[in-house]
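Residue numbers (UniProt numbering), protein chains in the order written: chain A, 1 to 644; chain B, 1 to 644.
A quick write-up on the structure given underneath.
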């Protein structure tokens, strides 16, 4: 038990010990090395240039091309076997994508063909540049709703040409934002939207979207433009007597029941996932046929009506690069681009972890950015990875991004040949498809888990959720970000401290609250500080340590224990200390001197050691008061025989 | 060496061990207890109500009054001895205060008597409510400059009555802000302005203030209203030929030399501090007399001219509670109130640490807030603690806040009797007094220390400094806050991780970079994560751990070491984990399984243990893979004989 010892303990220096270890400073680094190191850790922690090292120029060029277009990397090993899988999954997601697209376009207040355009161009671009093998690219419900909501805030007349132009402008800047984050390697910024906040936001958005569908499902003509639950419900009730159309309700409810049943079947038996995957297109075909036969549209059943044939026209000249809508376009683009990114990256990460391949977040952002940039010039709006379609893609056995290419080709054929057939598709069935699709975004299990694991996370989740459903999508998002930030700030201002005790029969010191067997040492108080000591918490930590000291002293005097002579601060978790922290320790030292208590540090880490040296605090505390472990310190200054 | 062992190691469970310790969860807390605990730690970490416990109602009332008016607490022990000390220090700071006040009022573009009013009312209020014994209250240079700069941004004509009214309005809201922060116990918010940022900001402000004094010192008539160094120097050069007044320069430079000499003497011999303390009032008296005798004011030497006699008139009706200036008043009040608070709290803490008495930050804020609130109604502007006068107060041997009362009384007599005598005081001498005073705010030693200890702190310092001198006071402040925040965010997104090795002859595992002697264990990789694992860093930590693993594997294969079978994560510094962190660990587990590496956790803390339980991750990892120490884990799964 005696082997661990600092050689600072001059008194017992002559005892024969097998090994002597001292708290040392790490090898000195030059300023340049130091800056380079932190810069690399911050922006290049994944070391993307490692593979370029020691390569010939031509090899470097090939690697460079491959890192921008991963298709040239994995394409080499592509074979017929893989293509079969990709072909089937591509067809499956295409069949799911077409009806969803037509429906989601309505959430963005755009005509249906713009969503179909998006599902043709975006997956094609992504397949060449993206590195996820499972993601299914296209318009998604939440981003469509967010975009529609932000755009109508600017231009309330969503049938105007300005509205469309602003949508392209926003898409353009969403692409720019995504690319910029990737190129500047600021991808970690999206991590500030916590998982908990996303769960709440998604659920809120799903419910908002579902409520919006009451318009289509009930055949209501005059519907509120607001998205909060109160306005929507009021709108629904006020139209009970004259606004509802029973034929619409029959179609809507029947197909909703059908879609939910297939979903339930797919959930119960994972092998039947395709039942749920093809049910939307079946619903569309069936309902369109019914309406066409019965001419129910003449009885007030709202239908899609005109849907343009042909492929994407250019929209470069439609983007606002100046004028009064430019700033709105940038703002909407940045917000929807970030949200789209969050969704795509979350999906990418989930499936990458499932199949254990690595995903370069920053490169992924460049791919998504390029895709939206090109999209904005070819009459598309913001696309990203879809939760539901990606899951189907994965379950259908996709191997590579080729499934996205297959989907894109199906969409091309659809645009060229069969779009006019959707003319008689009733809006009610689209509403059912949306409702069935977004229900998957309400993840009650995740919310329960949040409650169990972390109450603060649950609060963030609920904040975002209620913000979205009671106020608006943007406010919900804002609340989510604000709560996430508050959590970070709380963490850095109020770090934890713990009193340690010795586990009987060991030299291990642990939190006495976690290990009630751990015993305190007479005459000593051992405190562990559980955080880097920075300006934001240095005063709190100092005051907290002094408070522990006062509390313990009062208690020990009451129980007639010897008074405290040594305060040991276990520094293991203190990874860094800044000048404010150093000053706080100086102040602590002064206060302790007045109280005739000696300060001892145990196990300061490399950076702390360096800064203790630089600030002369090490000399002030005394070289013989700095130990490698708490055990060593107790051994040296504690009552005899404590460590036996 | 064998004593520390987890009983999870079933294989060796039968070895005879003196003690067996297992990683345990802390005693369960109810949700209410949990919330109460974190609420208390965040807002009531100093436990202000402890003394009220178990007291009679009348005693509680007395304690309540004492906690709002500490004067009734320390007043009981007050005696003649203390009064003598306080009287002398009070007189000393008053003699320093009067000339400084007249000068500082000009920085705020207010007439001199408003600063004198402030020095009469504010210290009086503070003496009753404040808990610092050494602080000297009154107008200060930096806040005066900031206020003047913010006010002229709103109302450029500073001779207008609106300007004065806006000044009172800002003072009112500065008081409200300070009180609110104290009452809501949000005092920790000012900790977000880091020490480093304050050093830079103060130095920048000092230089800006000194440059502004060139107007008075050189007798320039047409001077720029901007505060940045470029505008000021241009203004100075452009007036070289016709704008300078030699009589003014003679007076200014002569007295500046005198003031700096006395400062130098006081610095060399601490006992002669009073020489520097009374030199400003001597300068004022001498220069005023000179100008009066020679009638130099007729030769172009600018003088104070009219200075009002009498005490503070009420200014309640002057405050804007509505109208277009209300929002500006609130904004300016919040900013200047926060900056004033930062200065006062920094001073309070410094002297409290020197004399080891405790200072309740939140109560202090209520005192300062009340003081400014009352000030705004009695024709005062924002007051706070002055660095220079507090130091003089301390050195003159003040014992309690009575020295502030003495100063206040001297100011009262000055206002009643001798203000007209300042009519002939030349502006040049006031400029000299300001320059001599603010030079103390440029703390080069502190900046050098920042450079030595923490490069990022130095960056924050320089950012604030150059922001103030090249752009404006507000921008400098903004840069300081922004850099401080960036540092916090960087800390939480990119925490450190370290590879650990075994110190020979011990069971202690330390960072191999800090202790080059520490040896890695064959077949195992031990990584310490140095931060709580939150949504902001969970993905980074997971990726970083996997990267360590890949790097080490490549290296070990190259050196023909056995491949890695166990990954031990030392969790001691991981004080908390949220749901994103749990998910990251689940993903890590999946990736490790594919690579056939087993995950082992060492020493998870109380909160982490609780969350591992709640999320079932503990079961997923396996009870037998969670150890109390790294040593235990190596003992169980490592090569035989490693721990011997």
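We treat Cβ as the ideally placed atom computed from N, Cα and C, and that holds for glycine.
Give me the DSSP bridge partner(s) of residue 568 (chain A). By 1-based counting over the first chain, the position of residue 568 (chain A) is 568. Its beta-bridge partners are A:526 and A:600.
In the DSSP assignment, what are the bridge partners of residue 384 (chain A)? Here residue 384 (chain A) refers to the residue found at position 384 of the first chain. Answer by DSSP bridge pairing, in chain order: A:138.
Would you say residue 36 (chain B) faces chain D, with C-beta separation under 9 Å as the test? Judged by its chain identifiers, the structure shown contains no chain D, and its protein chains are A and B.
Classify residue 509 (chain B) as helix, strand or coil using the three-state DSSP reduction. Indexing the second chain from 1 puts residue 509 (chain B) at position 509. Residue 509 (chain B): strand per DSSP, three-state reduction.
Contacts around residue 435 (chain B), its chain only, beta-carbon distance under 7 Å, and the 5 residues preceding and following it disregarded: Here residue 435 (chain B) corresponds to residue number 435 of the second chain, with the count starting at 1. A distance below 7 Å between beta-carbons, with the five flanking residues on each side excluded, links residue 435 (chain B) to the following residues of its chain, in chain order: 210, 213 and 256.
In whole angstroms, give me the CA-to-CA distance for residue 373 (chain A) and residue 411 (chain A). On the first chain, residue 373 (chain A) is found 373 positions in, with the first residue counted as 1. On the first chain, residue 411 (chain A) is found 411 positions in, with the first residue counted as 1. In a straight line, the C-alpha of residue 373 (chain A) is about 20 Å away from that of residue 411 (chain A).
How should residue 109 (chain A) be labelled, buried or exposed, when 16 other C-beta atoms within 10 angstroms of its C-beta is the threshold for buried? By one-based count along the first chain, residue 109 (chain A) stands at place 109. Buried, because 16 or more other Cβ atoms sit within 10 Å of the Cβ of residue 109 (chain A).
Would the beta-carbon of residue 315 (chain A) fall within 9 Å of that of residue 168 (chain A)? Locating residue 315 (chain A) in the first chain gives position 315, where the first residue counts as 1. Locating residue 168 (chain A) in the first chain gives position 168, where the first residue counts as 1. Yes, the Cβ-Cβ distance between residue 315 (chain A) and residue 168 (chain A) is below 9 Å.
Given 8 Å, three or more beta-carbon pairs between the stretch 349-363 of chain B and the stretch 85-101 of chain B: When Cβ pairs closer than 8 Å are counted between the two stretches, the stretch 349-363 of chain B is seen not to touch the stretch 85-101 of chain B, the count staying below three.
CB-CB length for residue 500 (chain B) against residue 510 (chain B), believed under 8 Å: Within the second chain, numbered from 1, the residue matching residue 500 (chain B) stands at position 500. Within the second chain, numbered from 1, the residue matching residue 510 (chain B) stands at position 510. Residue 500 (chain B) to residue 510 (chain B), Cβ: 6 Å. Contact.
Looking only at C-alpha atoms, which of B:468, B:261 and B:258 sits nearest to residue 146 (chain B)? Against the second chain, residue 146 (chain B) aligns to sequence position 146. Among B:468, B:261 and B:258, the Cα nearest to that of residue 146 (chain B) is on B:468.
When the Cα of residue 73 (chain B) is compared with those of B:190, B:533 and B:64, which residue comes out closest? As a first step, residue 73 (chain B) must be located in the second chain, where it is residue number 73. Nearest C-alpha to residue 73 (chain B): B:64.
Quick test of your reading: residue 287 (chain A) and residue 251 (chain A), contact by CB under 8 Å. State the CB separation rounded to the nearest angstrom. Residue 287 (chain A) sits at position 287 when you count from the first residue of the first chain. Residue 251 (chain A) sits at position 251 when you count from the first residue of the first chain. With a Cβ gap of about 6 Å, residue 287 (chain A) and residue 251 (chain A) count as contacting.
So, for residue 437 (chain B): in the same chain, excluding its five sequence neighbours on each side, which residues have a beta-carbon less than 7 Å away from its beta-carbon? Numbered from its first residue, the second chain carries residue 437 (chain B) at position 437. Only 100, 141 and 388 meet the Cβ criterion.
Looking only at its chain, what residues have a beta carbon closer than 6 Å to the beta carbon of residue 644 (chain B), apart from the 5 residues adjacent to it on each side? Numbered from 1 along the second chain, position 644 holds the residue referred to as residue 644 (chain B). With a pLDDT of only 46 at residue 644 (chain B), under 50, the local geometry of the prediction cannot be trusted, and the value read off the model is given with reservation. Excluding sequence neighbours, residue 644 (chain B) sits near nothing in its chain.
Please decide whether residue 455 (chain B) counts as near chain A, where near means a Cβ-Cβ distance under 9 Å. Numbered from 1 along the second chain, position 455 holds the residue referred to as residue 455 (chain B). Answer yes: the Cβ-Cβ gap between residue 455 (chain B) and chain A drops below 9 Å somewhere.
Work out the CA separation of residue 117 (chain A) and residue 322 (chain A) for me, nearest whole Å. Counted from its first residue, the first chain places residue 322 (chain A) at position 322. Counted from its first residue, the first chain places residue 117 (chain A) at position 117. Each residue's alpha carbon lies about 25 Å from the other.
Can you check whether the C-beta of residue 185 (chain A) is within less than 9 Å of a C-beta belonging to chain B? As a first step, residue 185 (chain A) must be located in the first chain, where it is residue number 185. False, the Cβ-Cβ gap to chain B never drops below 9 Å.
When you compare only the Cα positions, how much space is there between residue 503 (chain A) and residue 625 (chain A)? Residue 503 (chain A) sits at position 503 when you count from the first residue of the first chain. Residue 625 (chain A) sits at position 625 when you count from the first residue of the first chain. In a straight line, the C-alpha of residue 503 (chain A) is about 23 Å away from that of residue 625 (chain A).
Interface positions of the stretch 229-250 of chain B facing chain A (Cβ-Cβ less than 7 Å), listed along the chain: Of all residues in the stretch 229-250 of chain B, none has a Cβ within less than 7 Å of some Cβ in chain A.
Have a look at residue 521 (chain B) and residue 455 (chain A) and give me their C-alpha separation to the nearest angstrom. Counting from 1 along the second chain, the entry for residue 521 (chain B) is found at position 521. Counting from 1 along the first chain, the entry for residue 455 (chain A) is found at position 455. Counting only the Cα atoms, residue 455 (chain A) lies some 39 Å from residue 521 (chain B).
Could you tell me the boundaries of the alpha helix (DSSP H) in which residue 447 (chain B) lies? As a position in the second chain, residue 447 (chain B) is number 447, starting the count at 1. First-last of the alpha helix (DSSP H) with residue 447 (chain B): 444-453.
In its own chain, which residues sit with a C-beta less than 6 Å from the C-beta of residue 703 (chain A), not counting the 5 before and 5 after it? No information on residue 703 (chain A) is available, as it lies outside the stretch 1 to 644 that chain A covers here.
Excluding the 5 residues flanking residue 14 (chain A) on each side, which residues of the same chain have their C-beta closer than 6 Å to its C-beta? Residue 14 (chain A) sits at position 14 when you count from the first residue of the first chain. Confidence in residue 14 (chain A) is poor, its pLDDT being 38 and thus under 50, which makes the residue's placement too unreliable to answer from.
How about residue 208 (chain B) and residue 569 (chain B): do their beta carbons lie closer than 9 Å? One-based indexing of the second chain puts residue 208 (chain B) at position 208. One-based indexing of the second chain puts residue 569 (chain B) at position 569. The answer is no: Cβ separation not under 9 Å.
Quick one: what's residue 170 (chain A) bridged to in DSSP? Taking the first chain and counting its residues from 1, the one referred to as residue 170 (chain A) is at position 170. Paired residue(s): none; residue 170 (chain A) is not in a bridge.
Indicate whether at least one CB of chain A lies closer than 9 Å to the CB of residue 539 (chain B). As a first step, residue 539 (chain B) is located in the second chain; it is residue number 539 there, counting from the start. Chain A contact via Cβ: present.
Taking only three categories from DSSP, how would you classify residue 219 (chain B)? Walking along the second chain from the start, residue 219 (chain B) turns up at place 219. The three-state secondary structure of residue 219 (chain B), taken from DSSP, is coil.
Taking C-beta pairs closer than 8 Å, name the residues in chain B that residue 490 (chain A) reaches, listed in chain order. The residue you call residue 490 (chain A) lines up with position 490 of the first chain. Result: 42.
Closest by CA to residue 401 (chain B), which one among B:82, B:279 and B:610? Here residue 401 (chain B) refers to the residue found at position 401 of the second chain. Cα-wise, what sits closest to residue 401 (chain B) is B:82.
Beta carbon proximity, residue 583 (chain A) to chain B, threshold 9 Å: The residue you call residue 583 (chain A) lines up with position 583 of the first chain. Chain B contact via Cβ: present.
Residues near residue 492 (chain B) in its chain [Cβ-Cβ closer than 8 Å; skip 5 each side]: If you number the second chain from 1, residue 492 (chain B) lands on position 492. Excluding sequence neighbours, residue 492 (chain B) sits near 531, 534, 536 and 537.
Which ranges would you report for the alpha helix (DSSP H) in the stretch 223-301 of chain A if only whole runs of at least 4 residues count? Counting only runs of 4 or more, we get 229-238, 246-268 and 273-294.
Looking only at its own chain, which residues have a Cβ that is under 7 Å from the Cβ of residue 260 (chain A), when we skip the five neighbours before and after it? What you label residue 260 (chain A) is simply residue 260 of the first chain in a count that begins at 1. The beta carbon of residue 260 (chain A) is closer than 7 Å to those of 436 in its chain, skipping five residues each way along the sequence.
Taking only beta-carbon atoms, is residue 607 (chain B) less than 9 Å away from chain A? Start at 1 with the first residue of the second chain, and residue 607 (chain B) comes out as number 607. At least one chain A Cβ lies under 9 Å of residue 607 (chain B).
If you count every other CB in all the chains shown that lies within 10 Å of the CB of residue 560 (chain A), and 16 or more means buried, which is it? Residue 560 (chain A) sits at position 560 when you count from the first residue of the first chain. Burial check for residue 560 (chain A): the Cβ neighbour count within 10 Å stays below 16, so the residue is exposed.
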